[in-house]
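Notes follow once the structure below has been shown.
Residue numbers (the working numbering): 1152 to 1366.
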């Protein structure tokens, strides 16, 4: 059985990337995106060590909560930082703590997600107790050079049957949101479409409207 997700509407997740943000302050960018309809902010800044990453997460939490107390902040890979910040959860990449260990540290209520590149990986994550998965790349990504062939919507439909909610990631824009939801995704995760946008709030509103229309 799929786990209940903390949103009655399709989830819009911002995955941060300072390199794509063109010098914008991430806390301000995240706040603008949340005003526009982002539900989750995943702080993904792999080059930062623990202390500066924790400071950034706390700054983003304050900015996000001021816009929407129900919005969730999730920390990419660093379970220790997620725990110290009291974040909503952690998103585990392939070099992160094992899922069982992350669950033991963060508790049963935490959102613990995984990155997956095939439907079989989503099924494995479901069996291991993940809360959700990001499947990527559905399309060629906007925020970085493609290193994998796009999976396409059929793979998304297959992954959505694995037993946990799946967010589509990679090359997602407002034109493609509807197709991802119809293929079985519970939402989408985006980086470049928001981080590189001249007006992140406006960009988020376009994504939000497309997701809600699809639902």
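Built from N, CA and C at the ideal position, the CB exists for glycine as well.
- Message: Is residue 1276 close to chain D? Criterion is C-beta to C-beta, closer than 8 Å.
- Response: Among the chains of the structure shown, chain D does not appear; only one protein chain is present.
- Going by the beta-carbon positions, is the gap between residue 1161 and residue 1303 smaller than 8 Å? Taking the chain shown and counting its residues from 1, one reaches residue 1161 at position 10. Taking the chain shown and counting its residues from 1, one reaches residue 1303 at position 152. For residue 1161 and residue 1303, no; Cβs fall outside 8 Å.
- DSSP three-state call for residue 1187: helix, strand or coil? For this step, residue 1187 is matched to residue 36 along the chain shown. Reduced to three states, the DSSP call for residue 1187 is coil.
- Just tell me which of 1342, 1190, 1261, 1245 has its CA closest to the CA of residue 1273. Taking the first residue of the chain shown as 1, we reach residue 1273 at position 122. Checked all of 1342, 1190, 1261, 1245; the closest Cα to residue 1273 is 1245.
- Over the uninterrupted beta strand (DSSP E) stretch that includes residue 1211, give me the two end residues. Taking the chain shown and counting its residues from 1, the one referred to as residue 1211 is at position 60. Secondary structure note for residue 1211: it is in no beta strand (DSSP E), and the uninterrupted alpha helix (DSSP H) holding it is 1201-1218.
- Message: Less than 8 Å between the C-beta atoms of residue 1261 and residue 1239, yes or no?
- Response: The residue you call residue 1261 lines up with position 110 of the chain shown. The residue you call residue 1239 lines up with position 88 of the chain shown. A distance below 8 Å separates the beta carbons of residue 1261 and residue 1239.
- Can you tell which of 1354, 1349, 1366 has its C-alpha closest to the C-alpha of residue 1173? The residue you call residue 1173 lines up with position 22 of the chain shown. The shortest C-alpha separation from residue 1173 is found at 1349.
- Task: Specify the secondary structure class of residue 1262 as computed by DSSP and reduced to three states.
- Result: In the chain shown, residue 1262 corresponds to position 111, counting from 1. Strand at residue 1262.
- CA-CA distance, residue 1319 and residue 1329? As a first step, residue 1319 must be located in the chain shown, where it is residue number 168. As a first step, residue 1329 must be located in the chain shown, where it is residue number 178. Answer to the nearest angstrom: the Cα atoms are 11 Å apart.
- Beta-carbon gap between residue 1193 and residue 1242 smaller than 8 Å: Residue 1193 sits at position 42 when you count from the first residue of the chain shown. Residue 1242 sits at position 91 when you count from the first residue of the chain shown. Residue 1193 places its beta carbon less than 8 Å from that of residue 1242.
- Message: Using the three-state DSSP reduction, which class does residue 1337 fall into: helix, strand or coil?
- Response: Within the chain shown, the letter at position 186 stands for residue 1337. When secondary structure is reduced to three states using DSSP, residue 1337 falls in the coil class, being assigned neither helix nor strand.
- the stretch 1173-1188 contacting the stretch 1211-1229, beta-carbon criterion three pairs below 8 Å: As far as the Cβ criterion goes, the stretch 1173-1188 touches the stretch 1211-1229, which means the pair count is three or higher.
- Message: Let me confirm a value: residue 1228 is counted as buried when at least 16 other C-beta atoms fall within 10 Å, else exposed. Which label applies?
- Response: Working through the chain shown from its first residue, we reach residue 1228 at position 77. With 16 or more Cβ atoms within 10 Å of its Cβ, residue 1228 is classed as buried.
- Query: CB residue 1345 to CB residue 1334, shorter than 8 Å?
  - Reply: Here residue 1345 is taken as the residue at index 194 of the chain shown, counted from 1. Here residue 1334 is taken as the residue at index 183 of the chain shown, counted from 1. Residue 1345 is not a Cβ neighbour of residue 1334, given a cutoff of 8 Å.
- Inter-residue Cα distance where the pair is residue 1153 and residue 1283: In the chain shown, the residue the question calls residue 1153 occupies position 2. In the chain shown, the residue the question calls residue 1283 occupies position 132. Residue confidence is low: residue 1153 scores 38 on pLDDT, short of 50, so the model does not pin down where it sits. Its coordinate-derived value is still stated next. In this model, residue 1153 and residue 1283 are separated by some 9 Å (Cα to Cα).
- Task: Going by DSSP, name the residue or residues bridged to residue 1323.
- Result: Numbered from 1 along the chain shown, position 172 holds the residue referred to as residue 1323. BP columns for residue 1323 are empty, so no partner.
- So is residue 1316 buried or exposed if we call it buried at 16+ other beta carbons inside 10 Å? On the chain shown, residue 1316 is found 165 positions in, with the first residue counted as 1. Classification of residue 1316: buried, given that the 10 Å Cβ count is 16 or more.
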